[in-house]
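To start, the structure under review is shown below, and the notes come after it.
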Amino acid sequence: MRVMIPAREIVAITVLFVFSFPSEKTGSVEIYPPVVERPHSALAPRFDMATMRFTGSVPSQARYLLRHVYFGGKLGDTLEFLPKFIDSLMLERLPVITRDQLRKYIAKHKIDSMDIGGNISRPLSRTKSGIMAGYFIIHDASNLMSPPYKKFTPIVNSMRWYHNQIWRQKDFKWAHAFINRLGLSITCNDFEKPVYGTKFEKSIQNPDVGDTCVGNFIHIENIMPRRSSRRKRPYNDEIAINPGLTNKQYERLALLYLTASCRKEGWLIPSFHAVIDEGIKDAHSDPQNFELNKWVKAMQKLYHQIQKA
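In terms of the working numbering, the sequence shown is residues 53 to 361.
Right, dumping it as structure tokens:
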């Protein structure tokens, strides 16, 4: 006589067989749940939860966090050395700009402090544990052309291009400031406000660290024209303009960095968004086509101008 076993019992027996293994200690059967893959952050093991800093000396952190971001978000090797000026900052060989120096400079150039991070008399944001921000995160905003396969045209460097009208970003929740292609900036959240702008800061996507480090990063978005690749899903933003940022953007980005460091009363460690999110699923690919030496030269020039002011 043939015995018929219900299908659901066959499934149950199969599951029990697959996840049951003999115990070496007792010889009994122990049932293990299936392994669930967790989000993996390449930087989480390098992050000290007590100090809210990545491991290593300040210059070595900067060399790792400023790895070049290639097409598709692929990352270059750790830098062998930093550009000379920024290396001097990381080694604290040069003093931070004072608030009085910064006030004189922005007054002379008619720059509103509310466009460069907010009230410069105030400090930077802090984490839940009370530690002040230590990192300056450089993003590009991945602004898609319309239509998405359209080639880049000179309009992207004018106020006629929708994305350069950055007052539209004044209520943006996931960054502190935006810089457009003309070098104008707007503050969406004061540098004193804790803001998350990376997957590294989200508990769901980086459970080993998560929102405990919100407030540790100052996030700056740069308007960046992108267009779609026909090899990917529709409306992808894979192809970025090259060169990436304009000279005016590098100059304003330098000012925001010096301003943030002034408010900290110490040099922030710069980093690229893609490096911070390395290893996490769907990590972003920005900033694309960023020229580190151009930014550092703009910063060096501005630093000495402010010192003289």
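Ideal Cβ placement from N, Cα and C applies to all residues, glycine included. In this text the structure is predicted, and so the values were computed from the model without any measurement.
- Under DSSP, SER237 forms a beta bridge with ILE231.
- Between PRO200 and ARG283, the alpha-carbon positions lie close to 13 Å from each other.
- Under the DSSP definition of a beta bridge, ASP100 partners with ARG105.
- A straight line joining the alpha-carbon of PRO246 with that of VAL266 spans about 6 Å.
- Among the bridge pairs identified by DSSP, ASN294 is matched with none.
- If the five residues before and after PRO286 are omitted, its C-beta is found closer than 8 Å to the C-beta atoms of PRO200, SER280, all from its own chain and listed in chain order.
- For the 8 Å CB-CB criterion, LEU344 and LEU310 do not form a contact.
- Between ILE189 and PHE269 the beta-carbon gap is near 5 Å, inside 8 Å, which marks them as a contact.
- Straight-line measurement puts the Cα of PRO339 at about 12 Å from the Cα of TYR302.
- Contact check for LEU176 against ALA361 fails: the beta carbons are separated by 8 Å or more.
- Under DSSP, PHE324 forms a beta bridge with ILE190.
- Between SER210 and ILE231, the alpha-carbon positions lie close to 13 Å from each other.
- Our two residues, GLY169 and ALA229, have alpha carbons roughly 7 Å apart in a direct line.
- Assignment of beta-bridge partners to ASN195 by DSSP yields PRO277.
- PHE224 carries a coil assignment under DSSP once its states are collapsed to helix, strand and coil.
- Using a Cβ distance threshold of 8 Å, LEU127 and ARG115 do not count as a contacting pair.
- Annotation for ARG151: the continuous alpha helix (DSSP H) segment containing it runs 151 to 160.
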